[in-house]
Amino acid sequence: MKIYNKKQKTAIITGASEGIGAAFAKLLIKKGWKVIGISRSSSKLRAISNSIPSNDQSFKYFPCDVQDFKKLKSIAKEIEAPDLLLLNAGIYLPVNASENNLDIYKKHMNVNYLGVLHSYEAFLPSLLNKQNGHIIIMSSISGWIGLPKAAAYGPTKAALRSFAQSVRYDLNPHGIKVQLCSPGFVDTQATSINDFYMPGLMNVNEAANLIFKYMSSNKFEFSFPLSFSVFMKIFWYLPDKISSYLIRKFII
Ligand SMILES: NC(=O)c1ccc[n+]([C@@H]2O[C@H](COP(=O)([O-])OP(=O)(O)OC[C@H]3O[C@@H](n4cnc5c(N)ncnc54)[C@H](OP(=O)(O)O)[C@@H]3O)[C@@H](O)[C@H]2O)c1
3 MKIYNKKQKT
13 AIITGASEGI
23 GAAFAKLLIK
33 KGWKVIGISR
43 SSSKLRAISN
53 SIPSNDQSFK
63 YFPCDVQDFK
73 KLKSIAKEIE
83 APDLLLLNAG
93 IYLPVNASEN
103 NLDIYKKHMN
113 VNYLGVLHSY
123 EAFLPSLLNK
133 QNGHIIIMSS
143 ISGWIGLPKA
153 AAYGPTKAAL
163 RSFAQSVRYD
173 LNPHGIKVQL
183 CSPGFVDTQA
193 TSINDFYMPG
203 LMNVNEAANL
213 IFKYMSSNKF
223 EFSFPLSFSV
233 FMKIFWYLPD
243 KISSYLIRKF
253 II
């Protein structure tokens with residue numbers, strides 16, 4: 003499948019104002035791409051824009067909440083069809099599931115899952131129109147197995163995994179590549195609230211480099227850091243009796 007055929011490639015990144023999205027945006031710009039960044043905070047997006055040499059038009063941004071489908075569609079009308087769509091915007095809050103968390107559960111579903119669907123539906127028509135493109139959906143290792151305190155976050159990432167697995171069958175025949183990115187722990191403000199040891203915690207620029215490396219591979223799902231993802235895959239394949247025992251013993 004031939005994906006990149008233009009001179010300057012264009013990427014749309016949701017959640018581009020900080021963390022993994024911002025690091026990946028800066029990396030793509032360094033590699034000669036044009037990036038369209040979407041997230042809520044115009045000041046954070048402006049700061050990224052200001053960090054790029056002023057004669058460089060490589061970063062364009064649109065402050066927008068991914069819960070606002072109407073606004074995403076109006077952005078789609080203003081921009082050229084991208085080569086890459088990184089559906090990355092997301093939130094994370096650990097919860098104690100013995101408490102009332104309905105608002106937190108709904109918020110996670112609205113941003114992490116429906117926010118991806120909104121962005122997908124808003125920008126997909128331009129990819130279908132040119133019968134070419136690449137979509138990377140940002141999931142997480144938390145989507146593989148239910149972990150303590152992840153009752154709000156984990157299900158959204160499991161849903162995204164299933165979504166990505168399914169949509170590729172419809173999109174591949176249109177020349178659109180679909181990949182799922184499932185990181186372990188990456189050092190961002192999102193994980194800075196964790197008060198527990200995060201095995202394999204990875205630097206955000208290292209994570210961006212790995213996304214760049216894997217996006218040209220034929221792997222449907224890619225995960226990092228390798229050691230932690232192999233460990234978690236083993237957990238995933240273990241019988242529930244054993245994996246839940248080990249999680250209780252070593253994680254809680
Ligand atoms: N860090 C990790 O260990 C890790 C591991 C696995 C997966 N992930 C996933 O990777 C993605 C990025 O995580 P991160 O660690 O880089 O988090 P982060 O540093 O908190 O960045 C999150 C980004 O999403 C944007 N965002 C949040 N809510 C939004 C909304 N309603 N509409 C539009 N944009 C919104 C934020 O910008 P604004 O505040 O400006 O809107 C920000 O740019 C998330 O999907 C996360 O679940 C992270």
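With the sequence shown counted from 1, adding 2 to any position gets you the numbering used here.
We treat Cβ as the ideally placed atom computed from N, Cα and C, and that holds for glycine.
Everything numeric in this text was worked out from a predicted model, so none of it was measured.
Closer than 6 Å: Gly-21 CB and nearest ligand 1 heavy atom: yes
Enclosing alpha helix (DSSP H) for Met-217 [first to last residue]: 206 to 217
Whole-angstrom distance between Gly-23 and Met-140, CA atom to CA atom: 10 Å
N- and C-terminal bounds of the beta strand (DSSP E) containing Ala-13: 12 to 16
Rounded separation between Tyr-107 and Lys-33 - CA only: 38 Å
Close Cβ partners of Ile-54 (< 7 Å) along its chain, the five nearest in sequence each way excluded: Ile-31, Ser-60, Phe-61
Helix, strand or coil at Glu-101 according to DSSP, with G and I counted as helix: coil
Buried versus exposed call for Trp-146 [16 or more other C-beta atoms within 10 Å across all chains shown]: buried
Best match in Pro-185, Gly-148, Ser-41, Lys-28 for proximity to Ile-77 [C-alpha to C-alpha]: Ser-41
Closer than 6 Å: Asn-90 CB and nearest ligand 1 heavy atom: yes
Residue closest to Asp-105, alpha-carbon to alpha-carbon, out of Ala-124, Ile-137, Ala-153, Ser-142: Ala-153
Three-state class that DSSP yields for Tyr-6 in the structure shown: Note that Tyr-6 scores a pLDDT of 44, beneath 50, so its modelled location is shaky; the value from the coordinates is reported in the next line. In this structure, Tyr-6 counts as coil in the three-state DSSP scheme.
Euclidean distance between Cα positions of Tyr-6 and Met-217: Confidence in Tyr-6 is poor, its pLDDT being 44 and thus under 50, which makes the residue's placement too unreliable to answer from.
Arg-42 beta carbon near ligand 1 (any heavy atom closer than 6 Å): yes
Exposure label - Val-232; buried when at least 16 CB within 10 Å: exposed
Those runs of the beta strand (DSSP E) which lie wholly inside the stretch 26 to 52 and span at least 3 residues: 36 to 41
Rounded Cβ spacing between Thr-190 and Gly-39 (contact assumed at less than 8 Å): Actually they do not touch by this definition, with Cβ atoms about 16 Å apart.
Buried or exposed (CB count within 10 angstroms, at least 16 for buried), Leu-228: exposed
Ligand 1 heavy atom lying under 6 Å from the CB of Phe-187: yes
Inter-residue spacing [alpha-carbon to alpha-carbon] between Ala-124 and Thr-193: 29 Å
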